[in-house]
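Heads up, the sequence shown is in our numbering, so the first residue is 1 and it goes up one at a time.
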Amino acid sequence: MPYCKVRQAEIYYEEIGEGKPILMIHGFTPDQRLMSGCMEPIFTLREGW
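Written out as structure tokens, the structure reads:
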């Protein structure tokens, strides 16, 4: 799993697809699994994501 260290925090990130980068930020308790489930249907409609 890739992490980026920012000050004292380690931040998990994923690189998926090609094209313009998108930064998705979730709230306090959700994690990347919830965000993927919400965003993947949108990306299936667009080429290059």
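Backbone N, C-alpha and C fix where the C-beta goes; we use that ideal spot for every residue, glycine too.
Would you give the residue range spanned by the alpha helix (DSSP H) that residue 42 belongs to?
32-43
Extent of the continuous beta strand (DSSP E) to which residue 10 belongs:
9-12
Leaving out five residues on either side along the sequence, give the residues of the same chain with a beta carbon under 6 Å from the beta carbon of residue 11.
4
Contact set for residue 35: own chain, Cβ-Cβ below 8 Å, skip 5 residues either direction:
24, 26
Enclosing beta strand (DSSP E) for residue 5 [first to last residue]:
3-6
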